[in-house]
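So the sequences go chain by chain: A and B. With this note's numbering as the guide, the letters of the first sequence map in order to residues 1 to 119. With this note's numbering as the guide, the letters of the second sequence map in order to residues 120 to 383. These notes are about the structure you will find just below.
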Amino acid sequence: MSNFPTLKTGATLQYPAQKATQYSTDVVRFIDGPEQRFRGYQSPLRRWVIRLDLLDQTELHVLREFFRTQSGAAGTFSFTDPWDGTVYANCSLADDQMAEQLKDEEKGQTTLTVCENGT
Amino acid sequence: MLYFPQLSSGVVAQFPVNRRAATRTVTNQLLSGYNIRMSDPGAATVSWQLQYSDLTDAEFASLEQLFEAAEGQLTTFTFLDPVDNLLMWSEEWTNAVWAADPLLQISTGIADPLGGTGAVQFTNTAQTTQRIVQTMEAPSWYQYCCSIYLRANTPSTVQLLLSATGQESLTQVSIGSSWTRAVFAASLTLQQDGISFGLQLPAGAAVSAFGPQVEPQTAPGDYKKTTDLAGVYTNTRFDSDSLTLTTGAPNQNSCTVNLVSNLA
C-alpha cells in the first residue's frame with residue numbers, strides 16, 4: 001500500500017492545517033422525553049485538509065502523480081497524522097478532483113483532503 | 120494533425136497556470152462508515168485554464184486559427200502540458216518507449232543526484248556511436264528544452280539529440296565525475312508529426328544518466344518523474360464554443376482559454 005507523499009522538507013502539510021474527528025451517532029427520541037443513542041462507527045474517523053502553498057514543480061508533480069495513481073477517491077493509502085505520528089493504514093482522498101495553480105516557477109498551490117475509511 | 124500553438128517566446132502558457140485533474144469514483148457508503156469504492160477510469164479528465172495577457176496580434180491569431188480549425192469544442196488537437204515532462208517512463212530506460220541501439224548496455228539501480236537509485240549507467244560496447252531515444256507525439260518544429268543529469272567516472276563527452284525523420288539537432292556535452300544537469304534548447308525547422316529526444320554515446324563511453332526531461336519551452340523546469348502518462352495530450356478539446364478576445368492597445372491582447380483532455 002502506498003503512503004501519502006511528503007514535501008522535500010519531509011513535512012506532509014503546512015500551516016494553516018486542519019484536522020477533524022467524525023463520529024456517527026443515531027439518536028432515537030421517544031415521545032415521553034427519553035432517548036437512546038447508538039454508535040454508528042466502530043471508532044471515530046479522521047479527516048485532514050492539506051493546503052499546500054509555495055510548492056516547487058517537482059513537489060506539485062509528485063502530488064499530481066499520487067492523485068492519478070490513486071484514481072482520485074478510489075484508492076487507499078496509509079497516512080501518518082502529522083499531529084501525533086499515528087499511522088492510519090486505511091485512508092482515501094475525499095474528492096475526485098485535484099485543482100492546482102502554478103503562479104510562478106516555485107509558487108504552486110493545491111489542496112487535498114484525506115479521510116480515514118471505516119472498517 | 121492540429122497542435123495547440125506556442126507563443127513567439129517559445130512557451131505554451133503564461134503564469135498563472137491552472138490545472139485540474141478529475142476522476143470518477145462510484146462509492147457505496149455503509150452505515151458503519153465502511154466504503155466500497157469503484158473507479159471509473161473512462162471518466163478521467165485533465166483540464167487547464169490558460170490566462171494570456173499582452174499577446175501580439177500574431178499570437179492571438181494562431182490561437183484563433185486553432186479554435187476555428189477545431190470548430191470550438193467539436194474536434195480534438197494535441198496539447199503539450201506546460202507543467203509536465205513530455206517524456207514517458209523517465210526513470211525506466213528499459214521500457215519499450217525507449218529505443219536503444221543494440222550494443223548499448225544499460226545497468227539500472229545506480230545512485231541518482233536526488234538521493235534515490237533511479238539513475239542508470241550506459242556503456243557503449245560498440246566501436247561506433249550508440250544512442251537511446253524516445254519519440255513523442257509532438258510537433259517537430261516547436262521549441263523544446265531537453266535536460267538530463269549526467270556524470271561519468273572519467274571525463275567524457277556525449278551528445279544530446281532532438282530529431283525528426285530527415286533532420287536532427289545535436290549538442291555536445293562534457294561531463295565530469297559529479298552530477299551535472301545538461302540543458303539543451305532547440306527547435307527543428309522540419310514540420311513533421313513526432314519528434315525524438317535522445318542521448319548519443321561515443322564508442323567505449325560509460326556514463327550515468329538520470330532524469331531526462333523535455334518541456335515545450337526555452338528553459339528547464341524542475342525535474343518531474345513520469346511513468347505511463349506524460350505531458351503530451353493528444354485528445355484535447357476547447358472546453359467552450361466561444362473564444363473571447365480583449366484588446367487593450369495595439370498588439371496587446373488578452374484572453375482566457377479553457378482546455379479539457381479525456382484520459383481514456
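Virtual Cβ for every residue (Gly too), placed ideally from N, Cα, C.
Is residue j closer than 7 Å to residue i when the C-beta atoms are compared?
{"i": "VAL136 (chain B)", "j": "VAL216 (chain B)", "result": "no"}
{"i": "GLN220 (chain B)", "j": "ASN370 (chain B)", "result": "Position check: residue 220 (chain B) holds Asp in this sequence, whereas Gln was assumed. No, the pair does not count as a contact, with Cβ atoms beyond the cut-off."}
{"i": "GLN262 (chain B)", "j": "GLN278 (chain B)", "result": "no"}
{"i": "GLN168 (chain B)", "j": "PHE357 (chain B)", "result": "no"}
{"i": "THR337 (chain B)", "j": "ALA304 (chain B)", "result": "yes"}
{"i": "GLY330 (chain B)", "j": "VAL252 (chain B)", "result": "no"}
{"i": "GLN332 (chain B)", "j": "ASN204 (chain B)", "result": "yes"}
{"i": "LEU384 (chain B)", "j": "THR244 (chain B)", "result": "Because chain B spans 120 through 383 in this model, residue 384 (chain B) falls outside it and cannot be assessed."}
{"i": "ASN381 (chain B)", "j": "THR164 (chain B)", "result": "yes"}
{"i": "GLU183 (chain B)", "j": "SER127 (chain B)", "result": "no"}
{"i": "ALA383 (chain B)", "j": "GLY228 (chain B)", "result": "no"}
{"i": "TYR122 (chain B)", "j": "THR194 (chain B)", "result": "no"}
{"i": "ARG105 (chain B)", "j": "ASP81 (chain A)", "result": "For chain B, the structure presents residues 120 to 383; residue 105 (chain B) sits outside this window and is missing."}
{"i": "PRO339 (chain B)", "j": "TRP298 (chain B)", "result": "no"}
{"i": "SER259 (chain B)", "j": "LEU307 (chain B)", "result": "yes"}
{"i": "LEU206 (chain B)", "j": "ALA349 (chain B)", "result": "yes"}
{"i": "GLY295 (chain B)", "j": "PRO321 (chain B)", "result": "no"}
{"i": "SER78 (chain A)", "j": "MET1 (chain A)", "result": "yes"}
{"i": "LEU60 (chain A)", "j": "GLU100 (chain A)", "result": "yes"}
{"i": "THR353 (chain B)", "j": "GLU256 (chain B)", "result": "yes"}
Buried or exposed, going by whether 16 or more other CB atoms sit within 10 Å of the CB of residue i?
{"i": "ASN147 (chain B)", "result": "exposed"}
{"i": "TRP83 (chain A)", "result": "exposed"}
{"i": "ASP53 (chain A)", "result": "exposed"}
{"i": "ILE31 (chain A)", "result": "exposed"}
{"i": "MET98 (chain A)", "result": "buried"}
{"i": "ILE155 (chain B)", "result": "exposed"}
{"i": "ASN372 (chain B)", "result": "buried"}
{"i": "GLN246 (chain B)", "result": "exposed"}
{"i": "TYR268 (chain B)", "result": "buried"}
{"i": "PRO34 (chain A)", "result": "exposed"}
{"i": "VAL28 (chain A)", "result": "exposed"}
{"i": "GLY386 (chain B)", "result": "What is shown of chain B runs 120 to 383, which leaves residue 386 (chain B) out entirely."}
{"i": "MET120 (chain B)", "result": "exposed"}
{"i": "SER315 (chain B)", "result": "buried"}
{"i": "GLY237 (chain B)", "result": "buried"}
{"i": "VAL326 (chain B)", "result": "buried"}
{"i": "GLN36 (chain A)", "result": "exposed"}
{"i": "LYS8 (chain A)", "result": "exposed"}
Run the proximity test for residue i: is its beta-carbon closer than 6 Å to any non-hydrogen atom belonging to the ligand HEM?
{"i": "THR242 (chain B)", "result": "The ligand content of the structure shown is nil, which means the ligand HEM is not present either."}
Relative to the C-alpha of residue i, which candidate in the options has its C-alpha closest?
{"i": "SER24 (chain A)", "options": "B:GLN249, B:LEU149 and B:ALA140", "result": "B:LEU149"}
{"i": "ASN117 (chain A)", "options": "A:LEU102, A:ALA74, A:ASP104 and A:LYS107", "result": "A:ALA74"}
{"i": "GLN224 (chain B)", "options": "B:ALA218, B:GLN240 and B:GLU210", "result": "B:GLN240"}
{"i": "LEU185 (chain B)", "options": "B:GLN253, B:VAL130, B:LEU362 and B:THR244", "result": "B:LEU362"}
{"i": "VAL351 (chain B)", "options": "B:ALA162, B:TRP208, B:SER172 and B:GLN133", "result": "B:TRP208"}
{"i": "ASP341 (chain B)", "options": "A:CYS115, A:THR119 and A:GLY108", "result": "A:GLY108"}
{"i": "SER158 (chain B)", "options": "A:SER78, A:SER71, A:MET1 and A:VAL114", "result": "A:SER71"}
{"i": "PRO5 (chain A)", "options": "A:GLN18, A:GLN101, A:ASP95 and A:ARG68", "result": "A:ARG68"}
{"i": "ASP347 (chain B)", "options": "B:SER259, B:SER359, B:GLU210 and B:GLN133", "result": "B:GLU210"}
{"i": "CYS115 (chain A)", "options": "B:MET120, B:TYR153, B:VAL302 and B:LEU199", "result": "B:TYR153"}
{"i": "GLN133 (chain B)", "options": "B:PRO335, B:ALA368 and B:VAL379", "result": "B:PRO335"}
{"i": "TYR41 (chain A)", "options": "A:VAL49, A:ARG51 and A:ASP26", "result": "A:ASP26"}
{"i": "TYR171 (chain B)", "options": "B:ARG139, B:VAL130, B:GLU190 and B:ALA140", "result": "B:VAL130"}
{"i": "TYR15 (chain A)", "options": "A:ARG51, A:GLY33 and A:LEU45", "result": "A:ARG51"}
{"i": "LYS19 (chain A)", "options": "A:PRO34, A:ARG47, A:VAL87 and A:GLN57", "result": "A:ARG47"}
{"i": "ALA140 (chain B)", "options": "A:ARG37, A:LEU63 and A:LYS103", "result": "A:LEU63"}
{"i": "ASN377 (chain B)", "options": "B:SER359, B:GLY367 and B:ILE314", "result": "B:SER359"}
{"i": "GLN22 (chain A)", "options": "A:ALA11, A:ARG39 and A:LEU13", "result": "A:ARG39"}
{"i": "ASP56 (chain A)", "options": "A:GLY85, A:ASN3, A:LEU13 and A:LEU102", "result": "A:LEU102"}
{"i": "CYS374 (chain B)", "options": "B:SER151, B:SER166, B:SER181 and B:VAL145", "result": "B:SER181"}
{"i": "GLU287 (chain B)", "options": "B:ARG270, B:THR345 and B:GLY313", "result": "B:GLY313"}
Problem set entry | Positions along the segment 45-64 of chain A whose CB lies within less than 7 Å of some CB in chain B | LEU45, ASP56, GLN57, THR58, HIS61 and ARG64
For this session: Entirely within the segment 289-349 of chain B and at least 3 residues each: give me those beta strand (DSSP E) ranges in chain order.
Result: 299-305, 312-320 and 325-334
Exercise. Taking Cβ-Cβ distances below 8 Å as the criterion, which residues of the segment 87-100 of chain A are in contact with chain B?
Worked result: SER92, ASP96, GLN97, MET98, ALA99 and GLU100
Exercise. In the segment 130-153 of chain B, which residues sit with their C-beta less than 8 Å from some C-beta in chain A, listed in chain order?
Worked result: PHE134, PRO135, VAL136, ASN137, ARG138, ARG139, ALA140, ALA141, THR142, ARG143, THR144, THR146, LEU149, LEU150, SER151, GLY152 and TYR153
Exercise. Quick one, which residues of the segment 186-209 of chain B are near chain A if we go by CB-CB under 9 Å, in chain order?
Worked result: PRO201, VAL202, ASP203 and ASN204
Exercise. According to a CB-to-CB cut-off of less than 9 Å, which residues of the segment 338-355 of chain B neighbour chain A?
Worked result: GLY340, ASP341, TYR342, LYS343, LYS344, THR345, THR346 and LEU348
Exercise. In the segment 3-31 of chain A, which residues sit with their C-beta less than 9 Å from some C-beta in chain B, listed in chain order?
Worked result: GLN22, SER24 and ASP26
Exercise. Counting only runs that start and end within the segment 173-220 of chain B, where is the alpha helix (DSSP H) found for 4 or more residues in a row?
Worked result: 176-188
For this session: Residues of the segment 287-310 of chain B with a CB closer than 9 Å to any CB of chain A: list them in chain order, please.
Result: none
Exercise. Which runs of the beta strand (DSSP E), 3 residues or longer, sit entirely within the segment 220-273 of chain B?
Worked result: 223-229, 238-243, 249-258 and 263-270
For this session: Give, in chain order, every residue of the segment 156-179 of chain B whose Cβ lies closer than 8 Å to some Cβ of chain A.
Result: ARG156, MET157, SER158, PRO160 and ALA163
Problem set entry | Within the segment 40-75 of chain A, ranges of the beta strand (DSSP E) (whole runs, at least 3 residues) | 45-55
For this session: Compile a chain-ordered list of the residues in the segment 65-86 of chain A whose CB is closer than 9 Å to at least one CB of chain B.
Result: GLU65, PHE67, ARG68, THR69, GLN70, SER71, GLY72, ALA73, ALA74, GLY75 and THR76
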